[in-house]
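*Asks:* The sequence shown runs 1143 to 1336 under this note's numbering. Pasting a structure here, questions to come.
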Amino acid sequence: MLKVLRPTPSHFGIFVTDLEKMVAFYTETFDLTITDRGVGRTFKNELVFTSASEDQHHQLVLASGRPADASFSTVMQISFVVPSIQHLREVTQRAREQGATEVRGLNHGNALSMYMRDPEGNTVEVYVDMPFYVAQPHGDPLDLDKDDETLMRETEAICRADPTFMPLVQWQAQFKSKAPASASVSASASAARA
1143 MLKVLRPTPS HFGIFVTDLE KMVAFYTETF DLTITDRGVG RTFKNELVFT
1193 SASEDQHHQL VLASGRPADA SFSTVMQISF VVPSIQHLRE VTQRAREQGA
1243 TEVRGLNHGN ALSMYMRDPE GNTVEVYVDM PFYVAQPHGD PLDLDKDDET
1293 LMRETEAICR ADPTFMPLVQ WQAQFKSKAP ASASVSASAS AARA
């Protein structure tokens, strides 16, 4: 169970045309585990629930029912965070092997990201966080063939050249000062349930 102090995004679902192909793409590329599958009782589509964590039953749900002639995906972006630059390389390679197209890298300063299209054309981002903040949107080319040390050094230089640069911990402190106080959110939630 996640520790939640205020409304927090937790999972998403997408309609797909070829359910098995999409299940293979997401489970093989991102090491997601199928936690359940079946036809919904009120939502009569076949559903496949997947997760990367024992703390959440599902983080991505794939649902049958996307028309085969759909020419436009309404999914703006599906993003996955990874723990290291090496993981970013490995997941990107697996995605290519599973049929990802239009693979491209961007250095956002606050994250190193690889973008791609899944087999049905949805935009997928895989990223690793960086210890820096610069205002977004921000995007410089990213070459994952460079070693980790070079990428870190280049990213820090890019960030320090941006007038909005600050260490991530400083940005996080500013965010905390602007965000709703967790005590008042928890109290409000408790009062609403009473």
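Note that the Cβ used here is the ideal one computed from N, Cα and C, for glycine as well. Since the structure is predicted, the reported quantities are computational estimates derived from the model, not experimental observations.
Any idea what DSSP makes of Val-1224, helix, strand or coil?
*Replies:* Position 82 of the sequence shown, counting from 1, holds the residue named residue 1224. The answer is coil: DSSP assigns Val-1224 none of H, G, I, E or B.
*Asks:* Going by DSSP, what residue range makes up the beta strand (DSSP E) through Thr-1177?
*Replies:* If you number the sequence shown from 1, residue 1177 lands on position 35. Per DSSP, Thr-1177 belongs to the beta strand (DSSP E) from 1175-1181.
*Asks:* Just mark Gln-1312 as buried or exposed, buried being the case when its beta carbon has 16 or more other beta carbons within 10 Å.
*Replies:* Taking the sequence shown and counting its residues from 1, one reaches residue 1312 at position 170. Gln-1312 should be labelled exposed.
*Asks:* Starting from Thr-1159, follow the alpha helix (DSSP H) in both directions and report where the run begins and ends.
*Replies:* Within the sequence shown, numbered from 1, the residue matching residue 1159 stands at position 17. Segment: none, Thr-1159 is in no alpha helix (DSSP H) and carries neither H nor E.
*Asks:* Would you identify the three-state DSSP class for Ser-1326, choosing helix, strand or coil?
*Replies:* Here the question's residue 1326 lines up with position 184 in the sequence shown. Summary for Ser-1326: the model assigns pLDDT 41, below 50, so the residue's position carries little reliability; its value from the coordinates is reported in the next sentence. Helix at Ser-1326.
*Asks:* Which class does Ala-1205 belong to by DSSP, given the choice of helix, strand or coil?
*Replies:* As a working note, residue 1205 is residue 63 in the sequence shown. It is a strand residue.
*Asks:* Compare the beta carbon distance of Val-1245 and Ala-1253 with 8 Å and say whether it is the shorter of the two.
*Replies:* Here residue 1245 refers to the residue found at position 103 when the sequence shown is read from its first residue. Here residue 1253 refers to the residue found at position 111 when the sequence shown is read from its first residue. No, these two residues do not count as a Cβ contact at 8 Å.
*Asks:* Under 7 Å Cβ to Cβ from His-1199, same chain only, skipping five residues before and after it: list those, please.
*Replies:* Here residue 1199 is taken as the residue at index 57 of the sequence shown, counted from 1. Cβ neighbours of His-1199 beyond the five flanking positions: Thr-1177, Phe-1191 and Ser-1193.
*Asks:* Is the beta carbon of Val-1233 sitting closer than 8 Å to the one on Thr-1171?
*Replies:* Counted from its first residue, the sequence shown places residue 1233 at position 91. Counted from its first residue, the sequence shown places residue 1171 at position 29. Yes. Within cutoff.
*Asks:* Roughly how many angstroms lie between the CA atoms of Ala-1333 and Pro-1322, to the nearest whole one?
*Replies:* Walking along the sequence shown from the start, residue 1333 turns up at place 191. Walking along the sequence shown from the start, residue 1322 turns up at place 180. Residue placement at Ala-1333 is flagged as unreliable, the pLDDT there being 44, under the threshold of 50; a coordinate-derived value is accordingly withheld.
*Asks:* Looking at the strands, I want to know which residues DSSP matches up with Val-1270.
*Replies:* The residue you call residue 1270 lines up with position 128 of the sequence shown. Answer is Leu-1254, bridged to Val-1270.
*Asks:* From Tyr-1257 to Ser-1206, what distance separates their C-alpha atoms?
*Replies:* Within the sequence shown, the letter at position 115 stands for residue 1257. Within the sequence shown, the letter at position 64 stands for residue 1206. A straight line joining the alpha-carbon of Tyr-1257 with that of Ser-1206 spans about 24 Å.
*Asks:* What would DSSP say about Leu-1293, mapped onto helix, strand or coil?
*Replies:* Counting from 1 along the sequence shown, the entry for residue 1293 is found at position 151. Leu-1293 falls in the helix class under three-state DSSP.
*Asks:* Have a look at Glu-1239, Gly-1251 and Asp-1197 and flag the residue whose alpha-carbon is nearest the alpha-carbon of Leu-1310.
*Replies:* In the sequence shown, the residue the question calls residue 1310 occupies position 168. The shortest Cα separation from Leu-1310 among Glu-1239, Gly-1251 and Asp-1197 belongs to Gly-1251.
*Asks:* Compare the C-beta of Gln-1228 with all C-beta atoms of chain C and state if any pair is closer than 8 Å.
*Replies:* The chain inventory of the structure shown lacks chain C, comprising one protein chain alone.
*Asks:* Report the residue from Glu-1267, Pro-1261, Ser-1255 and Pro-1151 whose alpha carbon sits nearest the alpha carbon of Leu-1284.
*Replies:* Within the sequence shown, the letter at position 142 stands for residue 1284. Per the Cα distances, Ser-1255.
*Asks:* Given a cut-off of 8 Å on the beta-carbon distance, is the pair Ala-1210 and Thr-1159 in contact?
*Replies:* Within the sequence shown, the letter at position 68 stands for residue 1210. Within the sequence shown, the letter at position 17 stands for residue 1159. By the CB criterion at 8 Å, Ala-1210 and Thr-1159 fall inside the cutoff.
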